[in-house]
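Each residue of the sequence shown is one higher than the last, beginning at 1 in UniProt numbering. Note that beta-carbon positions come from the ideal geometry of N, C-alpha and C, so glycine has one too.
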Amino acid sequence: MTIHRMDNVGIVVDDLDAAVAFFTALGMELEGRMPIEGDWAGRVVGLSDMRSEIAMMRIPDAPGRLELATYHAPRSITPEPAPTPANTLGLHRVMFAVDDIEATLARLRPLGGELVGEVTRFEDSFLLCYLRGPSGIILALAEQLT
1 MTIHRMDNVG
11 IVVDDLDAAV
21 AFFTALGMEL
31 EGRMPIEGDW
41 AGRVVGLSDM
51 RSEIAMMRIP
61 DAPGRLELAT
71 YHAPRSITPE
81 PAPTPANTLG
91 LHRVMFAVDD
101 IEATLARLRP
111 LGGELVGEVT
121 RFEDSFLLCY
131 LRGPSGIILA
141 LAEQLT
């Protein structure tokens, strides 16, 4: 049995517009947005009377997508404590390689992005940081050093 590809990573957010704006500022493009509801959808995710909306974000000229989703019914559950720390079980973070970590942070801070720790150098290879975005999402940013 062979896996052909990883199509996307799904992230549940409370404010879809804010999340789309944040990931657009990161450098992703909105591929499409649509409501998802009905019996078939509820059966897939195991929720009765489910109504949601998704926005598919893509990296221009590269593989990689994020499916941002907000649930209208049933409402999303906020984990405790909110926001959760980086060592919380489950999806840990999504990492993006960027050209300029400081410029990326400058674009994301006005949209609610804030460092979890600090920008740190890993040997002579990378600048790295964790950044909390919309709905408490943790992103990792990596800038390769020459």
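- Excluding the 5 residues flanking it on each side, I101 has same chain C-beta neighbours closer than 7 Å at V119, L127, C129, L141 and E143, in chain order.
- For the 8 Å CB-CB criterion, G113 and L131 form a contact.
- Within the same chain, Cβ atoms closer than 6 Å to the Cβ of V12 are found at A69 and S76, the five residues on either side in sequence being excluded.
- By the Cβ-count criterion, T146 is exposed, with fewer than 16 other Cβ atoms from all chains shown falling within 10 Å of its own Cβ.
- At least 8 Å separates the beta-carbon of R93 from that of L26.
- Separation of the CB atoms of L16 and A55 is rounded to 6 Å, and the pair is thereby assigned contact status at 8 Å.
- Within the DSSP bridge table, the entry for F23 names no partner.
- Short of 7 Å from the beta carbon of G10, and not among the five residues preceding or following it, lie these beta carbons of its own chain, in chain order: E67 and A69.
- Counting only runs of 3+ residues, the beta strand (DSSP E) found wholly inside the region 24-111 occupies 29-37, 51-58, 65-73 and 94-97, in chain order.
- M34 counts as exposed, since fewer than 16 other C-beta atoms from the protein chains shown sit within 10 angstroms of its C-beta.
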